[in-house]
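> Residue numbers (my numbering): 1 to 211. Glycine included, every Cβ here is placed at the ideal spot set by N, Cα and C.
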Amino acid sequence: MKIILLGPPGSGKGTISKALNRHDGSVQISTGDILRSAIAEGTDLGKKIEAAMSSGNLVTDDLVISIMEERLLRDDCKEGYLLDGFPRTTVQADALKVILEKTGSKLDCVLELVIPRATIVERLSTRRTCVQCSEIYNIKFKPAKVDGTCDLCGGNIVQREDETQAVIENRLEVYKTKTAPLVDYYRKEGSLLSVETSDFEPVLAALKAHI
Ligand code: ADP
Ligand code: ZN
C-alpha cells in the first residue's frame, strides 16, 4: 500500500505511521526524521536544513524532493510505504506524481488527520522525542517508563528545538498556507480520506473500509 499521511504538526502523523508500520510492516518514511538525521551528521547540508527547521519553516522543495526521490526509488519501497511529512507543498506533490509515474505505481490513499487546533498546541508542547529511534512520547499522555529514557532503545528523550511556543505557532501558519492546499489537491484526485481522530484503531478501520 502506498499511503500519504496529511495533517498539521501534532496531528499524529508520526504516531499513526509508526503504528501502521508495526501493524503490517510497510516502510514508514518520515521526512522530518530524515532531515533530523542529516542535521545530526553535521554536514553543510545539515546546517542549511537546521536553519529552516529550527525556525519552523519548510526546507526548500528542491532539497526535499531530491532526498525523497532517492529514498522512494529504493527497493524496499516497491511494495508500498507510508509517507509521513511528504509532500508538504503542491510542488512536492507534483514531484511525487512524477516519481509514481516513473515506477508505474499509484497512491492507495491520502489520509488526512483532522484535529482541533487547541489539542495540537497542547500536544506539541508536551511532546518528547527519542534522539536515537525517534519514538514519540508525551509527558502527559504517554510518558516513558523511566523518565528521559526511551522504552524501546534506551536513547535519550528530548524536547525538539522546534517545539517551543513561538515556533509551534509558525509551523501551524506554514501548514495553513503551504500544506493545507494539498487537501483539495488530493480530494480532486479522489484519493482523500479524512478522519477526525488520531487513535490508531479507528484510523485503521477507516483505512480498511476505504481501500
Ligand atoms: P511535524 O509534522 O510535526 O511538523 P516533522 O518532523 O514532520 O514534524 O517536520 C519537522 C520540520 O521538518 C518541518 O517543520 C520542516 O522544517 C521540515 N520538513 C519536514 N518535512 C518537510 C517537507 N516535506 N518539506 C519541507 N520541509 C519539511
Ligand atoms: Zn528510542
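Using C-beta distances below 8 angstroms, list every residue in its chain close to Ile99, excluding the 5 sequence neighbours before and after it, in chain order.
The residues are Met68, Glu69, Leu72, Leu73.
> Could you check which residue in Val203, Asp162, Gly190 has the C-alpha nearest to that of Ser54?
Checking every option, the nearest Cα to that of Ser54 belongs to Asp162.
> Count the other CB atoms, across all protein chains shown, that sit within 10 Å of the CB of Arg22; report buried if there are 16 or more and exposed otherwise.
When all chains shown are included, Arg22 counts as exposed.
> At a threshold of 6 angstroms, does Gly85 count as lining the ligand ZN (C-beta to nearest heavy atom)?
No, since every heavy atom of the ligand ZN falls outside the 6 angstroms radius drawn around the Cβ of Gly85.
> Return the CA-CA distance between Thr129 and Ser30, expressed in angstroms with no decimal places.
So the alpha carbons of these two residues sit roughly 14 angstroms apart.
> Can you round the beta-carbon distance between Cys109 and Leu193 to whole angstroms, since I take them to be within the 8 angstroms contact cut?
Contact holds; Cβ gap of about 5 angstroms.
> Alpha carbon to alpha carbon, how far is Val114 from Leu182?
Those two C-alpha atoms are separated by around 13 angstroms.
> Take Thr103 as the anchor and find which of Lys2, Ala206, Val121, Gln159 has the nearest alpha-carbon.
For the residues Lys2, Ala206, Val121, Gln159, the minimum Cα distance to Thr103 belongs to Lys2.
> Just to confirm the assignment: which complete alpha helix (DSSP H) runs, minimum length 4, are found wholly within the segment 130-181?
Those alpha helix (DSSP H) runs which fall completely within the segment 130-181 and span 4+ residues are 165-174.
> Count Cβ pairs between the segment 12-22 and the segment 166-173 that sit closer than 8 angstroms; are there 3 or more?
In short, these stretches do not touch, since the Cβ pair count stays below three.
> Please state whether DSSP places Ser17 in a helix, a strand or coil.
Note: Ser17 maps to helix in three-state DSSP.
> Would you kindly report the start and end of the unbroken alpha helix (DSSP H) that includes Ile211?
No alpha helix (DSSP H) contains Ile211, which DSSP labels as neither H nor E.
> Just to confirm the assignment, what range does the beta strand (DSSP E) spanning Ser30 have?
Per DSSP, Ser30 belongs to the beta strand (DSSP E) from 27-30.
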